[in-house]
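Numbering-wise (my numbering), the sequence shown opens with residue 135 and increments by one.
Beta carbons are placed, not taken as given, at the ideal position from N, Cα and C, and that holds for glycine.
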Amino acid sequence: MKNKPNISEQLKKKYHKTEEVTNFKDMLYRSGDIYRNRIAFKIKDSDGNIKSITYEQFKNDVVYLGTSLIENGFLNKRIAVIGKNSYKWCVSYLAASIVGIVVPIDKELHTDDVINFMNVSQTVCILGDNKNLQNILENISKIENPDTKFITFDEKFNILLNEGKASYLDGITDFDSIKINPDELRILLFTSGTTGNAKGVCLSQRNICSNILSIYGIVKVKRSDLFFSILPLHHTYECTIGFLLPIYSGASIAHCEGLRYIAKNMQEFHPSVILCVPLLLENLHKNIIKNMNKTLPDKYKKENNENPFSSLPFFMKKIVKTKVKNTLGGRLRVFIVGAAAANPTIVSDFRNLKLNTLQGYGLTECSPLVAGNTDFFQKDDSAGLPIPNVEYKIDSPNEEGVGEIIVKGPNVMLGYYEDEEATKNAIKDGWFYTGDLAKIDSEGYIFICGRRKSVIVLKNGKNIFPEEIEGLINQIDGVTESFIFGKQMSEDKNDIKIHSKIVYDKATMKEKYQAEKEEQIKNILNNKIKEINNKMPKYKAIRGIIVSQEPLIKTTTNKIKRHENLKLIKEEK
135 MKNKPNISEQ
145 LKKKYHKTEE
155 VTNFKDMLYR
165 SGDIYRNRIA
175 FKIKDSDGNI
185 KSITYEQFKN
195 DVVYLGTSLI
205 ENGFLNKRIA
215 VIGKNSYKWC
225 VSYLAASIVG
235 IVVPIDKELH
245 TDDVINFMNV
255 SQTVCILGDN
265 KNLQNILENI
275 SKIENPDTKF
285 ITFDEKFNIL
295 LNEGKASYLD
305 GITDFDSIKI
315 NPDELRILLF
325 TSGTTGNAKG
335 VCLSQRNICS
345 NILSIYGIVK
355 VKRSDLFFSI
365 LPLHHTYECT
375 IGFLLPIYSG
385 ASIAHCEGLR
395 YIAKNMQEFH
405 PSVILCVPLL
415 LENLHKNIIK
425 NMNKTLPDKY
435 KKENNENPFS
445 SLPFFMKKIV
455 KTKVKNTLGG
465 RLRVFIVGAA
475 AANPTIVSDF
485 RNLKLNTLQG
495 YGLTECSPLV
505 AGNTDFFQKD
515 DSAGLPIPNV
525 EYKIDSPNEE
535 GVGEIIVKGP
545 NVMLGYYEDE
555 EATKNAIKDG
565 WFYTGDLAKI
575 DSEGYIFICG
585 RRKSVIVLKN
595 GKNIFPEEIE
605 GLINQIDGVT
615 ESFIFGKQMS
625 EDKNDIKIHS
635 KIVYDKATMK
645 EKYQAEKEEQ
655 IKNILNNKIK
665 EINNKMPKYK
675 AIRGIIVSQE
685 PLIKTTTNKI
695 KRHENLKLIK
705 EEK
């Protein structure tokens, strides 16, 4: 009798069908033709009115801007894009990546870092928000290329667009004639924000297009979908999945006006798909549970803001599901979660509310997705299964099966920019060494344990994965985030004990525990930590805590900057 194939093998027979594309230009022209009159973007005008932009108009705008960029001498040159998520950012990104090499830059970086990235990448032109460009212009002496062209999104962008339109309609169709080699460098991303230490990731258009097709194969995107774009577009996670995937699929996109406008924008745009990080998911979950306990009849309410949903009668569950959905715009069907591990209880709670929550795992170097939960199979505490055409395995696993994740597939980067040694260390025999630690179960699901560099090695040789313990601490009511670190306890450098910095929410501490003073709060959290310690092996026990209201230092995608937080803790002491 044949063994039943594991879930990872079963998934391969269920993929949604895709139509092959290998470069952005073909994808743009294909979508502009197939979805011509469908809505590509919903944007707000200067009066706050929502207007629609069709696929035909979007394609034309990219062609017109690209035509202008060519006429300005930027064919095959490095073109940077910086600014908040917007329609103009999207037009600029595609035009730049088809005409030359696009360099998306984080708008939150210090101006010195932005200029450093422009210099390192040999940028000749930058398009972006006025604020960002003004900051650069005030430091113009630091820019190595004195002829760098600055195109602001409010004025010069429209001028360039109109000039390109006039030229194109006059018969200058150089943009149409561009031939793209799908395997050459076309996207240059910097993953470091440290001046003088820029680490560039070189991606081809085949890298990203292959990832788009792989994701579509496991998560069906409907033409009726509207993606609500919250996370920064310069990052491959939002750019590939929240922008280029819906453009390939014929769906629509709306951009969030800012974190404080999320609830308002959801009521205005009625999204069906949201990409998010666990922090946003946790905040939404917290508010939903809180509102349930406020509005339900007393006999159904739960103390301590626990989730009352499972104990509701059937007819009540139906009403609650509808109410929750309406507060999120009425059409929401799926959250796609990345950047860090989501709390499996929250994932399960949302699924019970008919809000599918799919978490995955990826890196900039992999364009970005490597694994994900799918329309067909899900395991709430895992990062999912390998996506189509991508392989992963664990290198040198320990006795618990934990080792470094290595990845092979068409999504793996070309290499690190002008850094042959780093590229050789990262890519060996076609396998990309991620630096992340994980284990894979018998069904093929991957469970992320943390970064190899952040592992704490104790005197007894045991490994501590900070992210695992942080996940437990973050489930304590009133805790917003936490940071696990090793503290040297004696002159013996190997005498390391586990400590944690815990960030708390003052209002919750007062409401739930009647604690206002920091000493009271610390006592309460110490007791909670003891409960966690009792459930873990002794070597993992947390021996001391620091409490604070100040958020941890994080990247723009809410990943904890471990080195910087540890440095701050040492300075504070």
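Give the C-beta separation of residue i and residue j to the nearest angstrom, bearing in mind that I take them to be a contact with Cβ-Cβ under 8 angstroms.
i	j	result
Ser624	Ile679	So it is not a contact: roughly 20 angstroms between Cβ atoms.
Phe309	Thr201	5 angstroms
Cys390	Phe469	The Cβ separation is near 14 angstroms, so there is no contact.
Val407	Asp483	So it is not a contact: roughly 19 angstroms between Cβ atoms.
Gln683	Tyr638	7 angstroms
Ile632	Ile676	5 angstroms
Sorted by chain position, which residues of the same chain lie with C-beta nearer than 8 angstroms to residue i's C-beta, five sequence neighbours on each side aside?
i	result
Arg586	Glu538, Gly569, Asp570 and Leu571
Asp281	Val258
Thr329	Per-residue confidence for Thr329 stands at a pLDDT of 36, beneath the threshold of 50, marking its modelled position as unreliable; the derived number appears in the next sentence. Counting only Cβ-Cβ distances below 8 angstroms, and skipping sequence neighbours, we find His244, Asp246, Asp247 and Asn250.
Arg357	Tyr169, Arg172, Ser383, Gly384 and Ala385
Looking at the structure shown, is residue i part of a helix, part of a strand, or coil, going by DSSP?
i	result
Arg677	strand
Ser482	helix
Thr461	helix
Leu519	strand
Phe403	helix
Tyr149	coil
Lys488	coil
Ile580	strand
Arg164	helix
Met135	Reliability of the predicted coordinates at Met135 is poor, the pLDDT of 42 falling under 50, and no value is obtained from them.
Phe511	coil
Gly351	helix
Lys433	helix
Gly605	helix
Ile540	strand
Leu446	coil
Lys709	Because the chain spans 135 through 707 in this model, residue 709 falls outside it and cannot be assessed.
Gly327	Residue placement at Gly327 cannot be trusted, given a pLDDT of 43 that sits under 50; what the coordinates show is reported in the next sentence. Coil at Gly327, not helix or strand.
Phe309	coil
Leu295	helix
Val233	helix
Ser616	strand
Ala473	coil
Confirm the yes/no value for this check: CB of residue i, any heavy atom of the ligand HEM, distance under 6 angstroms.
i	result
Lys562	Here there are no bound small molecules, and the ligand HEM is not part of this structure.
In chain order, what residues of the same chain have a beta carbon less than 6 angstroms from the beta carbon of residue i, not counting five sequence neighbours either side?
i	result
Asp240	His368 and Thr690
Ser142	Leu519 and Gly578
Thr156	Pro316, Arg340 and Cys343
Gly464	His404
Ala474	Pro412
His419	Ile480
Gly327	Low confidence applies here, because Gly327 scores a pLDDT of 43, under 50, leaving its location unreliable; read the following figure in that light. Answer for Gly327: Leu243 and Asp247, listed in chain order.
Tyr371	Gly472 and Pro502
Ile187	Ala174 and Phe175
Ile381	Ser165
Ile364	Cys390
Who are residue i's beta bridge partners in DSSP?
i	result
Val215	Pro238 and Leu261
Asp570	Arg585
Asn273	The partner list for Asn273 (beta bridge, DSSP) is empty, contrary to what the question assumes.
Asp281	Bridge partners of Asp281: none, in fact.
His389	Ser363
Asn597	Val591
Ala397	DSSP lists no partner for Ala397.
Ile453	In the DSSP output, where bridge partners are listed per residue, Ile453 has none listed.
Thr286	Gly262
Phe251	In the DSSP output, where bridge partners are listed per residue, Phe251 has none listed.
Lys527	Ile540
Cutting at 7 angstroms between CB atoms, please list the residues of its own chain near residue i, excluding the five before and the five after it.
i	result
Glu698	Ile687
Asn523	Ser344, Ser348, Gly543 and Pro544
Phe158	Leu228, Ser231, Ile232 and Gln339
Thr498	Leu323, Thr325, Val335 and Thr370
Ile195	The sequence shown places Asp at residue 195, rather than the Ile named in the question. Around Asp195: Val225 and Leu295.
Lys218	Lys241 and Asp263
Gly234	Phe208, Leu209, Asn210, Lys211, Arg212 and Ile213
Segments of 3+ residues assigned as beta strand (DSSP E) that fall wholly inside the segment 627 to 666: Runs found: 630 to 638.
Alpha helix (DSSP H) runs wholly inside the segment 172 to 226, at least 4 long, in chain order: Restricting attention to alpha helix (DSSP H) runs no shorter than 4 residues, the segment 172 to 226 encloses them at 189 to 205, ordered along the chain.
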